[in-house]
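The structure appears right after this line, and notes come after that.
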Amino acid sequence: MRRQTLWLLSLTALLLATLIGGLAAADIASADRDHGGRGERGRGNDDHPRGRPAHIAWEQREVEIALAPGETKTIVVNFTASQDIAHATLDVRPGRATLDAAPGDLGAVRAGQSYSVTLTAHLPADERRPHRRAQLFVHDGQRTLAPPLRVDIRNTAAKERDEDEDDGEDGPAHLSWTPSLVLGSVTAGGTFSATASFVSDRALDDARVRVRTLFGLDLDVEPKELGDIAANQAVTLTLTARAPIAPTLPVLLGRVQIVADDAQVGPLLWVLLHVTPAPAADQTAPVVTASQSPEANVNGWNNADVQVTLAASDNEGGSGVAAIHYRVNEGAEVVVSGATAAITVSAEGATTIPLRAVDGAR
Numbered sequence: 013m014r015r016q017t018l019w020l021l022s023l024t025a026l027l028l029a030t031l032i033g034g035l036a037a038a039d040i041a042s043a044d045r046d047h048g049g050r051g052e053r054g055r056g057n058d059d060h061p062r063g064r065p066a067h068i069a070w071e072q073r074e075v076e077i078a079l080a081p082g083e084t085k086t087i088v089v090n091f092t093a094s095q096d097i098a099h100a101t102l103d104v105r106p107g108r109a110t111l112d113a114a115p116g117d118l119g120a121v122r123a124g125q126s127y128s129v130t131l132t133a134h135l136p137a138d139e140r141r142p143h144r145r146a147q148l149f150v151h152d153g154q155r156t157l158a159p160p161l162r163v164d165i166r167n168t169a170a171k172e173r174d175e176d177e178d179d180g181e182d183g184p185a186h187l188s189w190t191p192s193l194v195l196g197s198v199t200a201g202g203t204f205s206a207t208a209s210f211v212s213d214r215a216l217d218d219a220r221v222r223v224r225t226l227f228g229l230d231l232d233v234e235p236k237e238l239g240d241i242a243a244n245q246a247v248t249l250t251l252t253a254r255a256p257i258a259p260t261l262p263v264l265l266g267r268v269q270i271v272a273d274d275a276q277v278g279p280l281l282w283v284l285l286h287v288t289p290a291p292a293a294d295q296t297a298p299v300v301t302a303s304q305s306p307e308a309n310v311n312g313w314n315n316a317d318v319q320v321t322l323a324a325s326d327n328e329g330g331s332g333v334a335a336i337h338y339r340v341n342e343g344a345e346v347v348v349s350g351a352t353a354a355i356t357v358s359a360e361g362a363t364t365i366p367l368r369a370v371d372g373a374r
């Protein structure tokens, strides 16, 4: 038994490593496609138009807007495009909580012509951080065009950190997950739920959750929009998964990724579920019997009240008896939960009791 258990654990670990490795390779390929790749690969990507994308030239590559908490300020910036854009839109990252750009829809943009964009910056009244950073992109309907306009919203009421502290804060954030790997089992067609929490060693702006799954696993995570997260703040997520009725593999894999400031924050949280087959459907009807007390005399009748007991039994391994249905003569149907029912017959003459039983697979 121990050898078999060790073999199963080794097989699960090998499968998990293979799946995660394959997924990482797929991510690299996806990232290569998203950036257009090089040579023929970039030109052959159907998601992007052929030819080189337009280049955006901002009058200023970076702007700073100084605000006090609760204050709003508006400025105008200008850009030109190196070639015509049939339909251009603006995209502010991360989100639009502190920075908005108008008009959001620019329509057709002509090469070399200057276009004005109105930026409206706002700081919440309870803002403590010395800076809020955002980027403004021009989008051609299929691609995000480079370079973006970098916007630094400076909090005039916050104390500036020294240079060493700034450098530390600008480094990549690191997440610590509890548990580090979600393991569970689920019946085919059934559901699985669990919770997981993380803390970040850096403050995260505009954080949200991305979910990716394999082999038909339906994985949902709440909440999805996390907003701003302070350093070392614990955040708890609820994971709910539904396994397909006919999974292609006995192991299902999903991942949960945190994105902040439009950048991925690592590491990922992996969800590994073992799928057990759904039980076979119960297709055997229950067996019903009826008995009376006292028994009839030699003439086949009774001269006192008769107790009638109805009983039902399901097949071994079946779903069990849910209820007994009966009626007395032409009376209304009576439903009794469970596998037995008792009736007292006191009327003179012959009494007929039609009955049936329903099992748990109804």
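In my numbering, the protein residues as written are 13 to 374. Just so you know, even glycine gets a beta-carbon here, dropped at the ideal spot from N, CA and C.
Tell me which residues share the same chain as Ser205 and place their Cβ nearer than 8 angstroms to its Cβ, disregarding the 5 neighbours each side in the sequence.
Position 193 of the sequence shown, counted from the first residue, corresponds to residue 205. Around Ser205: Thr250, Leu251, Thr252, Ala253.
What is the DSSP secondary structure of Gln95, reduced to helix, strand or coil?
Your numbering for residue 95 matches position 83 in the sequence shown. In this structure, Gln95 counts as coil in the three-state DSSP scheme.
From what residue to what residue does the beta strand (DSSP E) around Ala1 run?
What is shown of the chain runs 13 to 374, which leaves residue 1 out entirely.
Report all residues from its chain with a CB closer than 8 angstroms to the CB of Thr260; omit the five preceding and five following residues, and keep chain order.
For this step, residue 260 is matched to residue 248 along the sequence shown. These residues qualify, in order along the chain: Phe227, Gly228.
For Ser192 and Val150, what's the separation of their Cα atoms in angstroms?
Taking the first residue of the sequence shown as 1, we reach residue 192 at position 180. Taking the first residue of the sequence shown as 1, we reach residue 150 at position 138. Near 38 angstroms, if we compare the C-alpha coordinates of Val150 and Ser192.
Residues bridged to Leu270 (per DSSP)
Walking along the sequence shown from the start, residue 270 turns up at place 258. The question names Leu, but residue 270 in the sequence shown is Ile. In the DSSP output, where bridge partners are listed per residue, Ile270 has Val221, Val277.
Would you mind giving the Cβ-Cβ distance between Leu148 and Leu118, rounded to the nearest angstrom? I have them listed as a contact below 8 angstroms.
Here residue 148 refers to the residue found at position 136 when the sequence shown is read from its first residue. Here residue 118 refers to the residue found at position 106 when the sequence shown is read from its first residue. Not really, about 12 angstroms apart at Cβ, beyond 8 angstroms.
Please identify the residue among Val370, Asp138, Arg339, Gln95 whose C-alpha is closest to the C-alpha of Glu83.
Locating residue 83 in the sequence shown gives position 71, where the first residue counts as 1. Closest option to Glu83, Cα to Cα, is Asp138.
Does the beta-carbon distance from Gln319 to Thr356 come in below 9 angstroms?
Residue mapping note: residue 319 aligns to position 307 of the sequence shown, counting from 1. Residue mapping note: residue 356 aligns to position 344 of the sequence shown, counting from 1. Closer than 9 angstroms, so yes.
Cutting at 6 angstroms between CB atoms, please list the residues of its own chain near Asp112, excluding the five before and the five after it.
Position 100 of the sequence shown, counted from the start, is the residue given in the question as residue 112. Excluding residues within five positions, the ones whose Cβ falls inside 6 angstroms are Thr132.
Using only alpha-carbon positions, find the residue among Tyr127, Gly153, Val283, Thr110 that is nearest to His134.
Here residue 134 is taken as the residue at index 122 of the sequence shown, counted from 1. That would be Thr110, whose Cα lies nearest to the Cα of His134.
Segment contact flag, the segment 209-219 with the segment 284-299, C-beta cutoff 8 angstroms, min 3 pairs:
no
Take Ala354 and list the residues in its own chain whose beta-carbon comes closer than 8 angstroms to its own, dropping the five residues that flank it on each side.
Start at 1 with the first residue of the sequence shown, and residue 354 comes out as number 342. Only Gln319, Val320, Thr321, Leu322 meet the Cβ criterion.
Based on the DSSP output, what are the partners of Lys85 in its beta bridges?
The residue you call residue 85 lines up with position 73 of the sequence shown. BP columns for Lys85 point to Ala133.
Using a 10 Å radius around the Cβ and a threshold of 16 neighbouring Cβ atoms, would you call Arg140 buried or exposed?
Here residue 140 corresponds to residue number 128 of the sequence shown, with the count starting at 1. Exposed, because fewer than 16 other Cβ atoms sit within 10 Å of the Cβ of Arg140.
What does the Cβ neighbour count give for Val255, buried or exposed, with the cut at 16 atoms within 10 Å?
Here residue 255 corresponds to residue number 243 of the sequence shown, with the count starting at 1. The sequence shown places Ala at residue 255, rather than the Val named in the question. Its Cβ being crowded by 16 or more others within 10 Å, Ala255 is buried.
Which term fits Ile87, buried or exposed, when burial requires 16 or more other beta carbons within 10 angstroms of its beta carbon?
Within the sequence shown, residue 87 is the residue found at index 75, counting from 1. Exposed: under 16 other Cβ atoms inside 10 Å.
Could you have a look at Ser349 and say whether DSSP puts it in helix, strand or coil?
The residue labelled residue 349 in the question sits at position 337 within the sequence shown. Here Ser349 sits in strand by DSSP.
The beta strand (DSSP E) that contains Pro159, what's its start and end?
The count along the sequence shown starts at 1 and reaches residue 159 at position 147. It spans 156-167 - the beta strand (DSSP E) in which Pro159 sits, taken as one unbroken run.
Kindly indicate which residue of Ala93, Ile97, Ala373, Asp218 has the alpha-carbon position closest to the one of Arg145.
As a working mapping, residue 145 is identified with position 133 in the sequence shown. Of the candidates Ala93, Ile97, Ala373, Asp218, the one whose C-alpha sits nearest the C-alpha of Arg145 is Asp218.
Quick one: Cα of Arg122 to Cα of Val163, how far?
As a first step, residue 122 is located in the sequence shown; it is residue number 110 there, counting from the start. As a first step, residue 163 is located in the sequence shown; it is residue number 151 there, counting from the start. Roughly 25 angstroms between the two C-alpha positions.
Cβ-based neighbour list, Gly124, same chain, cut-off 7 angstroms, excluding 5 preceding and 5 following:
By 1-based counting over the sequence shown, the position of residue 124 is 112. Closer than 7 angstroms at the Cβ level, and outside the excluded window around Gly124, lie Thr92.
Please classify Ile365: does DSSP put it in a helix, a strand, or coil?
Here residue 365 refers to the residue found at position 353 of the sequence shown. Ile365: coil per DSSP, three-state reduction.
In angstroms with no decimal places, state the Cα-to-Cα distance between Asp371 and Gly329.
Mapped onto the sequence shown, residue 371 falls at position 359. Mapped onto the sequence shown, residue 329 falls at position 317. CA-CA distance, Asp371 to Gly329, rounds to 12 angstroms.
For Ala359 versus Val347, is the C-beta distance shorter than 9 angstroms?
Sequence index remark: in the sequence shown, residue 359 carries index 347 (1-based). Sequence index remark: in the sequence shown, residue 347 carries index 335 (1-based). Their beta carbons are not under 9 angstroms apart, which means Ala359 does not touch Val347 by this criterion.
Just to confirm my understanding: we take Asn402, look at its own chain, exclude 5 residues before and 5 after, and list those with CB closer than 8 angstroms. What are they?
The structure shown does not extend to residue 402, since the chain is modelled only from 13 through 374, so no value can be given for it.
Using 9 angstroms as the threshold, is the C-beta distance between Trp189 and Leu281 below it?
Counted from its first residue, the sequence shown places residue 189 at position 177. Counted from its first residue, the sequence shown places residue 281 at position 269. Closer than 9 angstroms, so yes.
Report the partner residues of Ala101 according to the DSSP bridge assignment.
What you label residue 101 is simply residue 89 of the sequence shown in a count that begins at 1. A small fix is needed here, since residue 101 is Thr in this sequence, not Ala. Asp117, His151, per the DSSP bridge assignment.
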